[in-house]
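These notes concern the structure reproduced below.
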Ligand SMILES: [Mn+2]
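Residue numbers (the UniProt record's numbering): 1 to 360.
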């Protein structure tokens, strides 16, 4: 599939929403949906879609870039008159009733509504999130490239690690190494929690030194061509106690059980249940979080959510994380996280980094 076909196929999803709701237009203002439906990566733009026309209203910083990144899109440059030009474009396209994203801010919507006059608007978000939930070939390739850059950097980090370095040293080295491997940026703020700080599920890296016997939770991801990777490993520094190793192994067992349950037709909640069964069996469920994973894509947290009770049926092309964890306040934390792709017959684990990694 070439790029033009990729975007035509994505736009077909918008058209079927418009048909179902008897609309003659759609407008996207979020970075992710602009990028998804036309390829434009700038920070400012309104993408206006009708049956016969796709227009992007953006500012002078992005005119050339938008022309280069899109195919068959009319790029309209605005100056200070942004909302007036958006309203005029909507009118010129002959739109009477359209869908907008419900994540639009109140600040943005009400002044625009005033300028648009009597054009009817419906708001939607979920439908478009659901469309993005099943990845096409290009998205799968970008996600794999993001994971490859993250794993190559992480692999180079391991021999540089030693007891006595700080959490922040670890994070700084990691950021440098993944960048060298082609990462555009981190996909979220890196989490490093060593020893008792590992029990803080979202520990930011501090100047705390990593000690012998610490389990160190490292949760990070990178962006490549706009797509996110997400991975967690709990590194075992020096002589980790038997009790901590028991917890470590239970988390791994939980992840294995979850991944074994993934195939098309299964519900998200079934995968959640499969991982939780291990913690329930050991009477440790109180120490687990309430969800197992989330979709990744242009955003770090997308659908499907792998959470208790979610009846979303898994389909080939979905990419999500499988990240069980156990957290014992003031003692330790363990988490392990892989990114998986639902295939026609089952599941492909896209993460290849070993799970049990001893340092020193
Ligand atoms: Mn995650």
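A virtual CB, placed ideally from N, CA and C, is assigned to each residue, including glycine.
- If one requires a minimum length of 4 residues, the alpha helix (DSSP H) runs lying completely within the UniProt domain "Creatinase N-terminal" (10 to 134) are 31 to 38, 63 to 69, 82 to 92, 106 to 116, 126 to 133, in chain order.
- Listed in chain order, the beta strand (DSSP E) elements of length 3 or more contained wholly in the region 162 to 233 are 191 to 194, 215 to 220, 222 to 224.
- Looking at the backbone, the Cα of residue 334 and that of residue 194 are separated by about 10 Å.
- Counting only residues of its own chain and dropping the five nearest sequence neighbours on each side, residue 265 has a CB closer than 8 Å to the CB of 313, 314.
- From the listed residues 14, 188, 93, 211, the smallest Cα separation to residue 204 is found for 188.
- Shortest gap from the CB of residue 338 to any heavy atom of ligand 1: 7 Å or more.
- Burial check for residue 202: the Cβ neighbour count within 10 Å stays below 16, so the residue is exposed.
- Residue pairing for residue 319: DSSP places it in a beta bridge opposite 341.
- Approximately 16 Å separates the beta-carbon atoms of residue 237 and residue 219; this is outside 8 Å, ruling out the contact.
- Counting other Cβ atoms within 10 Å of its Cβ, residue 241 stays below 16 and is therefore classed as exposed.
- Within the DSSP secondary-structure output, residue 332 pairs in a beta bridge with 328.
- If you ignore the 5 residues before and after residue 44, its C-beta comes within less than 7 Å of the C-beta of 58, 59, 62, all in its own chain and listed in chain order.
- By the Cβ criterion, the region 303 to 323 is not in contact with the region 35 to 53, since fewer than three pairs of Cβ atoms, one from each stretch, lie closer than 8 Å.
- When the Cα atoms are used, residue 211 and residue 145 turn out to be separated by approximately 34 Å.
- Around the Cβ of residue 248, a 10 Å sphere holds 16 or more other Cβ atoms; the residue is buried.
- A buried status is given to residue 183, since no fewer than 16 other beta-carbon atoms sit within 10 Å of its beta-carbon.
- Residues 192, 205, 206, 207 of the same chain have their beta carbon placed closer than 8 Å to that of residue 168, with the five preceding and five following residues left out of the count.
- A distance criterion of 7 Å places the beta-carbon of residue 202 beyond contact range of ligand 1, judged by its closest non-hydrogen atom.
- Runs of the alpha helix (DSSP H) lying entirely within the region 251 to 293 and spanning at least 4 residues, in chain order: 268 to 281.
- A straight-line Cα-Cα distance of about 30 Å links residue 329 and residue 159.
- Rounded to whole angstroms, the separation of the alpha carbons of residue 38 and residue 79 is 22 Å.
- The Cβ-Cβ distance between residue 118 and residue 97 does not fall below 8 Å.
- The three-state secondary structure of residue 355, taken from DSSP, is coil.
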